[in-house]
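*Asks:* One structure, pasted below without further comment.
Numbering (the numbering used here), first residue to last: 707 to 1345.
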């Protein structure tokens, strides 16, 4: 405040302005005389200059009453609201800068920070587009200065311990003079002095981030004025090093930049590394405070936007030839990024990445290292899904994508020798992958996912084709086969979600191990499975028992080295006649049992030559015209 000014000047000006605002409201006056408008502007600027300077800081430190400071934001905003064209853009920007300088003090922020922070954002809506762009530019430069001054120079370099906010896009010496008959006040750039105390800088950064986030700015201007690089550099460093509250604000601004396509490959890569680091840190500390919860919500929004960009513009639906990733040496980076996202991101983002991975697999754009890393990552995700039991829409979509991706991987395994993906994959890798998958199967029990058993069948099909096996690895293969046998037994506890071909691959591996061991131990477990089904031929589960027997017999027929086991599981004629007898005594449900029995006998035709005539004769009966209650008339026929 200038020397010679009455200390009560601000009181008088505030009272006068409030009276005139009330008078304006009562008289519905549309415009003010120029002289009165200039006088109002002068008094308003004078009050701000007096109250938002050193005097305010001194009053706060002395714990004086801050009543005037508390009413200033509303006074200023009401004045602009009633007289929208009375204040020039430079005056509003100058007021914003003065407020920033005031509330960057922790003591003042604690007492009056909330209303003033809201006031900052409210003022922006009264700026025309060009002035908004200029304020956005000043905010980004100030944010950069507030963070990097302490980081790079530690307060030792002159000029790096302060932030200067200009009021117009002219030279720094340019001032704006507000004058009237009462006097004049010169508006100049506002210098915000920063101490080396991080808390002071934290408050300024917080206010600037709020201004950028909620000020209604067109962020595309950052690209036009060549400040996008500075913006990304500052935001990424703040996300990496600041408090949870600041991280949250930065992540939300980053999300807006992504949605506007204001990014490039360098910052996209840096962003992923930074987000992964933050996600990893959150997983380690297990914090459930409100600040962390808000940050996790913001991370989910940001990662969802990143995924949408990937899907829409970059990979999934961009119509790109993904083979080019291999040609331009970016395949490694692509896999590294996708696998990391699948491991750490939200369900929605995992889903999109899994679909892109499926495309890469279908194009044989993978190698042994990433194939192994992919399986580890997918199995970890599957294990997590089995634990949480979530049925949200995002999880359902993710499971559909996992099924597609794992089906593609299984198809590639069945073309093992012709796929570049598996050129460097050896028996040790296949054994390891199978062991991982069996661990996942145990987590999913008792109801295994169809996609899991399909992938297990593909791995077993490779193992079943092995010829010469070293003794050193034989024990591992025996253990795997024993575990596969247990999985098969688990499958038949409920209705098995597995095809004949897949079950045949599992049996082929089981029988192969028996052959290596010169034993029938595992094959006998399959026999016991069928015997358990036969025990239910009389009872309410007869249909399920017949279908299990048909599935197992069909699979054993398809399997290699299964001849001995097949001979032990063929049902006897008397057993089937017992089923027919059961059908003839039933009042309901007999037709379904009969159809299942016909399907089973169709499977048996080529199993044992001496029984073929009887099976064919049975199938030749006029079943369409025979009622189940009349089946007893056929009992004289012997199978």
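Cβ coordinates follow ideal geometry from the N, Cα and C atoms, glycine included.
Keep in mind it's a predicted model, so treat the numbers as computed, not measured.
If you compare alpha carbons, which of 971, 841 and 961 is closest to residue 931?
*Replies:* It is 841 whose Cα lies nearest to the Cα of residue 931.
*Asks:* Of all Cβ atoms in chain D, is any one closer than 8 Å to the Cβ of residue 1138?
*Replies:* The chain inventory of the structure shown lacks chain D, comprising one protein chain alone.
*Asks:* Determine the DSSP secondary structure at residue 1019, reduced to helix, strand or coil.
*Replies:* Confidence at residue 1019 is low in this model, with a pLDDT of 48, below 50, so its placement is unreliable and the value that follows should be read with caution. Correct three-state label for residue 1019: helix.
*Asks:* Would DSSP call residue 795 helix, strand or coil?
*Replies:* DSSP, read as helix, strand or coil, puts residue 795 in helix.
*Asks:* Quick check on the DSSP output: the beta strand (DSSP E) that includes residue 886 runs from which residue to which?
*Replies:* 882–886
*Asks:* Is the number of C-beta pairs between the segment 1130–1146 and the segment 1154–1169 that are closer than 8 Å three or more?
*Replies:* yes
*Asks:* Are the segment 1116–1131 and the segment 1080–1095 touching, with three or more C-beta to C-beta distances below 8 Å?
*Replies:* Too few Cβ pairs lie closer than 8 Å, so no.
*Asks:* Relative to the C-alpha of residue 1256, which residue among 1306, 945, 787 and 1100 is closest?
*Replies:* 1306
*Asks:* Near residue 1144, what residues of its chain come up, given a Cβ to Cβ distance below 6 Å and the 5 sequence neighbours on each side ignored?
*Replies:* 1189
*Asks:* Output yes or no for whether 8 Å exceeds the beta carbon distance between residue 839 and residue 927.
*Replies:* The criterion of a C-beta distance shorter than 8 Å is satisfied by residue 839 and residue 927.
*Asks:* Taking the alpha carbon of residue 970 as the point to measure from, which residue in 1226, 938 and 1062 has its own alpha carbon closest?
*Replies:* 938
*Asks:* Should residue 1055 and residue 1013 be called a contact, given that it needs their Cβ atoms to be closer than 8 Å?
*Replies:* yes
*Asks:* Taking all protein chains shown into account, decide if residue 1124 is buried (16 or more other Cβ within 10 angstroms of its Cβ) or exposed.
*Replies:* Residue 1124 should be labelled exposed.
*Asks:* How is residue 897 classed by DSSP in three states: helix, strand or coil?
*Replies:* strand
*Asks:* If you follow the alpha helix (DSSP H) that residue 869 is in, where does it begin and where does it stop?
*Replies:* First-last for residue 869: 868–871, but that is the beta strand (DSSP E), not the alpha helix (DSSP H).
*Asks:* By alpha-carbon positions, which one of 821, 949 and 961 ends up nearest to residue 918?
*Replies:* 961
*Asks:* Name the DSSP bridge partner or partners of residue 889?
*Replies:* According to DSSP, which records beta bridges pairwise, residue 889 is partnered with 886.
*Asks:* Flag this pair as yes or no: are the beta carbons of residue 872 and residue 890 separated by less than 8 Å?
*Replies:* no
*Asks:* Short check: CB of residue 746 to CB of residue 801, under 8 Å?
*Replies:* no
*Asks:* Can you tell me the Cα-Cα spacing of residue 772 and residue 963, whole angstroms?
*Replies:* Straight-line Cα distance between these residues: approximately 39 Å.
*Asks:* Do the CB positions of residue 758 and residue 805 come within less than 8 Å of each other?
*Replies:* yes
*Asks:* Can the beta-carbon of residue 1213 be found less than 8 Å from the beta-carbon of residue 1187?
*Replies:* Against a cut-off of 8 Å, the Cβ pair of residue 1187 and residue 1213 comes out as no contact.
*Asks:* Once you ignore the five residues that flank residue 1119 on each side, which residues in its own chain have a CB closer than 7 Å to its CB?
*Replies:* 1164, 1165 and 1168
*Asks:* Under 8 Å: do the segment 1266–1273 and the segment 1216–1225 share three or more Cβ pairs, one atom per stretch?
*Replies:* yes
*Asks:* The alpha helix (DSSP H) that contains residue 1311, what's its start and end?
*Replies:* No alpha helix (DSSP H) contains residue 1311, which DSSP labels as neither H nor E.
*Asks:* For residue 1278, which of 1264, 1260 and 1313 has the nearest alpha-carbon?
*Replies:* Comparing Cα-Cα distances from residue 1278 to each of 1264, 1260 and 1313, the minimum goes to 1313.
*Asks:* Is there contact here, the segment 1036–1043 with the segment 1088–1096, by at least three beta-carbon pairs under 8 Å?
*Replies:* With the cut-off at 8 Å, the segment 1036–1043 and the segment 1088–1096 do not touch.
*Asks:* Going by DSSP in three states, residue 1277 sits in which element: helix, strand or coil?
*Replies:* Collapsing the DSSP output to three states places residue 1277 in coil.
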